[in-house]
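Peer 1:
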Amino acid sequence: MTKPNLRFLSGNTLKILACIAMVIDHVGVLFFPSNMLYRKIGRLALPLFAFLLAEGCKHTRNKKKHFFLLAFFAGVCQCVYDVFAYLNGDSVYVCILVTLLCAELCIFALQYFKRELFKTDNSVSKKILAFAPLLGAVCATAFLCKIQRVDYGFAGCMFPVFISLSDFKGVATTEKQERLFSKIDTDFSRFICFACGLLFLYVLSPKFLPTEYMFLSLIPIALYNGKRGKWNLKYFFYFFYPLHLVALEGIYMLLMR
-6 MTKPNLRFLS GNTLKILACI AMVIDHVGVL FFPSNMLYRK IGRLALPLFA
44 FLLAEGCKHT RNKKKHFFLL AFFAGVCQCV YDVFAYLNGD SVYVCILVTL
94 LCAELCIFAL QYFKRELFKT DNSVSKKILA FAPLLGAVCA TAFLCKIQRV
144 DYGFAGCMFP VFISLSDFKG VATTEKQERL FSKIDTDFSR FICFACGLLF
194 LYVLSPKFLP TEYMFLSLIP IALYNGKRGK WNLKYFFYFF YPLHLVALEG
244 IYMLLMR
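Taking my numbering, the leading residue of the sequence shown gets -6, the next gets one more, and so forth.
#1: Give the straight-line distance between the Cα atoms of Tyr245 and Phe77, rounded to the nearest whole angstrom.
#2: Give me the Cα-Cα distance between Lys51 and Leu248, rounded to the nearest whole angstrom.
#3: Is the beta carbon of Leu7 closer than 9 Å to that of Ile214?
#4: In terms of alpha-carbon separation, which member of Cys72, Phe61, Leu30 lies closest to Tyr234?
#5: To test your reading of the DSSP string, which unbroken alpha helix (DSSP H) runs of 4 or more residues are found completely within the stretch 113 to 190?
#6: Can you tell which of Ile9, Ala11, Arg32 has the C-alpha that lies nearest to the C-alpha of Val256?
#7: Using three-state DSSP, classify Leu37 as helix, strand or coil.
#8: When the Cα of Gly129 is compared with those of Asp114, Ala96, Phe111, Ser159, which residue comes out closest?
#9: Going by DSSP, what residues sit across from Tyr217 in a beta bridge?
#10: Apart from the five residues on each side of it in sequence, which residues of its chain come closer than 7 Å, Cβ to Cβ, to Ser3?
#11: The alpha helix (DSSP H) with Phe230 in it runs from where to where?
#12: Could you tell me the distance, in whole angstroms, from the CA atom of Val164 to the CA atom of Leu226?
#13: Please return the same chain residues whose Cβ sits closer than 7 Å to the Cβ of Ile100, not counting the five positions on each side in sequence.
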């Protein structure tokens, strides 16, 4: 008898689920601010996006292109956020794409540190110096979160970094290291890192949001099959994020006339 495949969610499915949760959250913020059900569902968005970012950083072939593409759309979305904040009389805060951009910078610095650390021909001084970019990225992120109102704060920026702790793709330089890292870089260890990062985020997140509902994201992550899916939705989120903000704010302004 064939066992049922319990891990049936692709990366595309997770991305769509995250976008749906995000839209529901933003609908609640604009149109139903007193109904917390929308905000509870919306808590699924960041954990799923954080997981997908970590996966993208692991598999991307062109890190510079990946980073600058995210930076471009983060800039576009921040401009949209600033305009809507001005129109609605709200205080400006840094959008979630900037949170993910800071996380990506730290992840790439972490990947570099791992590669340099396990190179057998590197001296101790080179291995220590390889830690400098990671330290600099984390400190820069902490400073930005200190001076600006970043979405989900420093904890949100570090969440995807937690997930990347078990990523050792392309790090091994010897067969012994290859065997060791194959035991570390597993679906189970990735899930554990995700759960630890989620706990870190929950403890440090602002409690005016129902952040305990973020733990429901453990369910789709446990069902993730490690595959992208049939369609290439690489740029889907980049365009969807600013467009859905414009659409929702446009509807809101029409209704509130």
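Cβ atoms here follow ideal geometry from the backbone N, Cα and C, with glycine treated the same way. On a predicted model such as this, the values are computed, not experimentally measured, just so you know.
Peer 2: Answer, in terms of the structure:
#1: Rounded to the nearest angstrom, the two C-alpha atoms are 11 Å apart.
#2: Using only the alpha carbons, I get a separation of about 43 Å.
#3: Against a cut-off of 9 Å, the Cβ pair of Leu7 and Ile214 comes out as a contact.
#4: Per the Cα distances, Cys72.
#5: Segments of the alpha helix (DSSP H) lying fully in the stretch 113 to 190: 117 to 122, 125 to 140, 146 to 156, 168 to 177.
#6: Because the chain spans -6 through 250 in this model, residue 256 falls outside it and cannot be assessed.
#7: Assigned with DSSP and collapsed to three states, Leu37 falls in coil, not helix or strand.
#8: When only C-alpha atoms are compared, the closest one is Ala96.
#9: Answer is Leu2, bridged to Tyr217.
#10: Cβ within range, chain order: Asn218, Lys220, Arg221, Gly222.
#11: Counting along the chain, the unbroken alpha helix (DSSP H) around Phe230 starts and ends at 229 to 248.
#12: Approximately 28 Å, taken between the alpha carbons.
#13: Ala47, Cys50, Pro153, Val154, Ser157, listed in sequence order.
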